[in-house]
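Heads up: the structure comes next, in structure tokens.
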Amino acid sequence: MSLKKFLVDKNYHSIKLKKTATNHFEIEAKINGIKGYFILDTGASNSCVGFDEISKFNLLTEETDHKAAGAGTTEIDTQISKKNTLKIGDFKLSKINLVLLDLSHINNALKKQSAKEINGIIGADILEKGKAVIDYNKKKLYLAKKVIKTTKK
426 MSLKKFLVDK
436 NYHSIKLKKT
446 ATNHFEIEAK
456 INGIKGYFIL
466 DTGASNSCVG
476 FDEISKFNLL
486 TEETDHKAAG
496 AGTTEIDTQI
506 SKKNTLKIGD
516 FKLSKINLVL
526 LDLSHINNAL
536 KKQSAKEING
546 IIGADILEKG
556 KAVIDYNKKK
566 LYLAKKVIKT
576 TKK
């Protein structure tokens, strides 16, 4: 049995991944109904959006004392946006919190490699909620459909 058949039988959605010039996987997602492009980053603990994308995605932000850190960077100032909707293919989540930070250093690096700029990063928080499985060979992301149990009277 193939991985695809196994996961589809387990009620998973399949989402195509695009490999960028920088060997990252790019994914299309909608935040609050607005389409954007994101890097899939299993090492990022939180999903995030760039400060310059606040108005694009209609984000309501709050100040926070939390500092973000990434590979090779010092602490980065952040804000938070709560209660957002997220859609990746047919996979949907509501009441998602997003970290906002300066992604210009990432977009500058992407530009130097002639890769498309991104609006943000889909991190482990979303992947965990979706019980994600990544098929690197087929360039597919699988996310579990939410099953709503109803009781019959």
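Read left to right, the sequence shown gives residues 426 to 578 (the numbering used here). Ideal Cβ positions, reconstructed from N, Cα and C, are used throughout, including at glycine.
So, helix, strand or coil for Leu511, using DSSP? Residue numbering aside, residue 511 sits at position 86 when the sequence shown is read from its first letter. Secondary structure at Leu511: strand, using DSSP grouped into helix, strand and coil.
Below 8 Å between beta carbons: does that hold for Cys473 and Leu523? By one-based count along the sequence shown, residue 473 stands at place 48. By one-based count along the sequence shown, residue 523 stands at place 98. Here Cys473 is near Leu523, since their CB atoms are less than 8 Å apart.
Which of the three DSSP states is assigned to Glu487 in this structure? Along the sequence shown, one-based indexing puts residue 487 at 62. Three-state result, Glu487: strand.
Using 10 angstroms around the beta-carbon of Gly555, count the other beta-carbons present and answer buried if the total reaches 16, otherwise exposed. Counting from 1 along the sequence shown, the entry for residue 555 is found at position 130. Buried, by the Cβ-count rule.
Check this for me: beta carbons of Phe463 and Ile531, under 8 Å apart or not? On the sequence shown, position 38 is the one that residue 463 refers to. On the sequence shown, position 106 is the one that residue 531 refers to. Cβ atoms of Phe463 and Ile531: not closer than 8 Å.
Rounded Cβ spacing between Ala469 and Ile513 (contact assumed at less than 8 Å): Here the question's residue 469 lines up with position 44 in the sequence shown. Here the question's residue 513 lines up with position 88 in the sequence shown. The C-beta distance from Ala469 to Ile513 rounds to 15 Å, too long to meet the 8 Å contact threshold.
Beta-carbon separation (whole angstroms), Glu478 vs Asn544, contact threshold 8 Å: Residue 478 sits at position 53 when you count from the first residue of the sequence shown. Residue 544 sits at position 119 when you count from the first residue of the sequence shown. About 5 Å separates the CB atoms of Glu478 and Asn544; that is less than 8 Å, so the two are in contact.
Is it buried or exposed for Leu485, if we count other Cβ within 10 angstroms and need 16 for buried? By 1-based counting over the sequence shown, the position of residue 485 is 60. Leu485 is exposed by the Cβ-count criterion.
Short Cβ contact (8 Å threshold) for Leu465 with Leu432: Locating residue 465 in the sequence shown gives position 40, counting from the first residue. Locating residue 432 in the sequence shown gives position 7, counting from the first residue. In this structure, Leu465 keeps its C-beta atom at 8 Å or more from the C-beta atom of Leu432.
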